[in-house]
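Let me begin by presenting the structure, written as structure tokens, before commenting on it.
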Amino acid sequence: MNQRTPLDELKGIGEKTKLVFEKAGIRDLGDLLSYYPRTYRRFPAISDTSQVREGMEIAVYAAPERALTVQYVKRMQIVSAVLCDQAGSVGARWFNMPYLRNTIKPGVYHVFCGKVVQKGVSLYLEQPAIYTMEQYQKLLLELQPVYVLTKGLTNQLLSKTVRQALDGMELSGDYLPEDIRKKYQLAEYDYAIEEIHFPRDEQHMRIARRRLVFDEFFLFILVLRRFKEQHEQAKNPFSIQRTPLTDNVIQTLGYELTGAQQRVWEDIQRDMTGEHAAARLIQGDVGSGKTILAFLAMLLAAENGLQSALMVPTEVLARQHFESLTELIEKQKLTFVPILLTGSMTAKEKRLAYEKIAAGEADMIIGTHALIQEKVQYKRMGLVITDEQHRFGVRQRETLGDKGTEPHTLVMSATPIPRTLAVILYGDLEISVIDELPKSRLPIKNCVVNTTYRRKAYTFIEKEIRLGHQAYIICPMVEENEQIEAEDVISYTERLKEILPEDICIEYLHGKMKPKEKNEVMERFLGGEIQVLVSTTVVEVGVNVPNATVMMIENAERFGLAQLHQLRGRVGRGKAQSYCIMISSSDNKKTKERLEILNKSNDGFFIASEDLKLRGPGDILGVRQSGLMEFKLADVFADAKILQDACKAAEAILKEDPALEAPEHTRLHRMLENYLSNELKKLNL
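Going by our numbering, the final residue of the sequence shown carries number 731, and the count climbs one at a time with no gaps.
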């Protein structure tokens, strides 16, 4: 077996189970082995029954006082026991496990490990796992992998399948040259894959993680540098002239561009009218006014007879941009034709859009990934703009760029990355920064509180809703996971519906929903029909909802500061005062210091730079911080040093062997091709 072996060649993976894995994006053994644990679970030390408290996970060494009983409730068999030790007793119950009555005998001691719940005045362990003392002592030394799960996919099934794959895999030898491994003190690949899933202890896990993080950065940078070489100093194939049209539009916008916007607009014009094709990153904090610069660039292209495309991550955002651009064109009494192209359009709507684009009747095309499908043929593509590029990746940008003859490329990002890292991550682009916010924007008021303030926060949210506003509540998890203590979107929504008055419409949103469902929810929230949206970070790159004034983030300690700042940027877009409430369930001093930076500053670049100073890979046993660029393990901030090492290693190899043709780089070349193939697979191209 190797990384290309289909998953159903493993024992126990039938058609039904195969489909469950496919929903999580796992089709072959390569996908499976790179489906890394989200975090790791430590088993709790053994306590006595007197220490049992509601909500805690506990392990007790105890024996049933008497024979276990079985009750039948609504077709369910509930097995109950009273577990006793020298300190006292605690109840336990199991669902649909009647065989326990014959295997767990009165007076015989076992370790019972589970979560404590309360029913009335009684506390009991719910569905506790049962071990001998010898088994449990061994487990205390281990880290148990905890994976991101989808419906039907259990942690046990994933662990078992990964174990079987690792046991049956052919060891492939390392694709990284030995001198690089030695120089940067990297473990071998096969060791790293084994230890990231089933670490012997924390130290082994850290060594494994470091190697795999290096790999993610290294392959990404190799692709980036090769892409840059292919396109570097490409001649500007278009004769673009500056035009009074854009100056007139700027004069009649109804507001004045900030000094930073004017400076960046000058960069864009200079690029587009210059000798070489533009390739520029526009970095600007949330609300700094990047979109109007994109529209001005599209107008400049159209005035010079060229088509332009703006690709964004979500359909709702694409529609919102399309409506804004249409409104601008109509207000300016221009004759240019904008068009929308998204995946949810009907076959007829798409066909008409394709025809207009191919005929050159559409001057500006705004859409999602639909813009890069094979059927889309552009007549005179001159400008490609991608919004929040880390959501697309280098390969997607290249695919869209290939739709034209070396078109000008602009990449917009509200993700505040310190320049030292941006130069590496966006190595194929020049960088412009909009470091100034419009004076009309009211600063967001922030507070960082613990969980005891949650009820007060709900009261505040209700008050804002009564004033006609809306609120976001962010949770780190989609569904409840008994192995991770964190708020989840689905059960949180149900609880909130019981707390807030019935006339307040509360709905949830998460990344596992179908695109059509996500769009419907966002459209309803945008239209004011939903007052409270409980969501995962899927709203991080969302839409402009000026009426939303409250952003409440649960388990704020589980997110990186840069991402918290991105989430906070979903509010503060209208004229009313906006608020961000960060609820932390951690008492850790370092965590409080980090969150306090957000409490005191609304400057994304300052926050990102402080995040870089404060964070390190030390806290990698917690839920992984959602990283930038959608790396699986790597976190741009916590792993900044590894990123810099990977960059040096990639550049050294390309300097010595630009095409990776040397015999010692054969495996590396193959790995790089696999990497690119996987990128295309994600796009269904």
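Built from N, CA and C at the ideal position, the CB exists for glycine as well.
Selected residue, minimal CA-CA separation from residue i, among the options
| i | options | result |
| --- | --- | --- |
| L555 | D685, E540 and C626 | E540 |
| V332 | R614, I418 and A602 | R614 |
| T292 | G351, F341 and R257 | F341 |
| R246 | E188, N48 and G557 | E188 |
| I520 | I552, R512 and Y81 | I552 |
| S205 | T178, E241, L641 and P223 | E241 |
| E262 | R465, F605, A399 and Y235 | Y235 |
| S285 | Y230, I653, T381 and L352 | L352 |
| A323 | F89, I418, S631 and P453 | P453 |
| A686 | S390, K659, L513 and E603 | K659 |
| Q609 | A404, R50, I653 and M410 | I653 |
| G137 | Y145, R501, V167 and K120 | V167 |
| N142 | M122, T149 and G335 | M122 |
| L374 | M318, I296 and V589 | I296 |
| S390 | L199, K562 and L641 | K562 |
| E639 | F89, E656, I59 and D74 | E656 |
For residue i, the three-state DSSP class (helix, strand or coil)
| i | result |
| --- | --- |
| H156 | strand |
| K281 | strand |
| Q97 | helix |
| V362 | helix |
| H415 | helix |
| L722 | helix |
| S630 | strand |
| V535 | helix |
| L129 | strand |
| N648 | coil |
| R616 | coil |
| G134 | strand |
| P223 | coil |
| M523 | strand |
| V383 | coil |
| S370 | helix |
| M318 | helix |
| G58 | coil |
| E103 | strand |
| I150 | coil |
Chain-order list of residues whose beta-carbon lies under 8 angstroms from that of residue i (same chain, five-residue window excluded)
| i | result |
| --- | --- |
| G305 | E482 |
| V535 | C521, M523, V524, E525, Y554, L555, H556, V580, S581 and T582 |
| E569 | V362 |
| V157 | I92, A105, V106, Y107, I176, Y177, T178, M179, Q181 and Y182 |
| R99 | V162 and L169 |
| T372 | P384 |
Proximity below 8 angstroms, CB of residue i to CB of residue j
| i | j | result |
| --- | --- | --- |
| I124 | Q117 | yes |
| L387 | A416 | yes |
| N743 | V494 | Within the shown structure, residues of the chain are numbered from 47 to 731, placing residue 743 beyond reach of any answer. |
| H515 | A622 | yes |
| S96 | L114 | no |
| C693 | I470 | yes |
| I688 | V259 | yes |
| L542 | V578 | yes |
| G406 | K425 | yes |
| N593 | G620 | yes |
| L78 | V208 | yes |
| Q190 | R255 | no |
| Y504 | R616 | no |
| F368 | I314 | no |
Close beta carbons around residue i, own chain, < 7 angstroms, minus the five adjacent residues each side
| i | result |
| --- | --- |
| K274 | G473 and D474 |
| V310 | I328, L339, S478 and I480 |
One or two residues paired with residue i in a DSSP bridge
| i | result |
| --- | --- |
| D74 | P52 |
| E476 | R326 |
| F141 | I124 |
| S354 | M410 and L429 |
| S655 | The partner list for S655 (beta bridge, DSSP) is empty, contrary to what the question assumes. |
| V494 | M628 |
| T196 | Bridge partners of T196: none, in fact. |
| E172 | R139 and K161 |
| R87 | Q190 |
| T119 | Checking the sequence, you will find Val at residue 119 rather than Thr. DSSP lists M122 as partners of V119. |
| I552 | V578 |
| Q516 | A594 |
| T712 | Beta-bridge pairing links T712 to no other residue. |
Residues of its chain near residue i, where Cβ-Cβ distance is below 6 angstroms and the 5 sequence neighbours each way are ignored
| i | result |
| --- | --- |
| Y721 | L265 |
| F677 | E262 |
| I507 | A517 and V596 |
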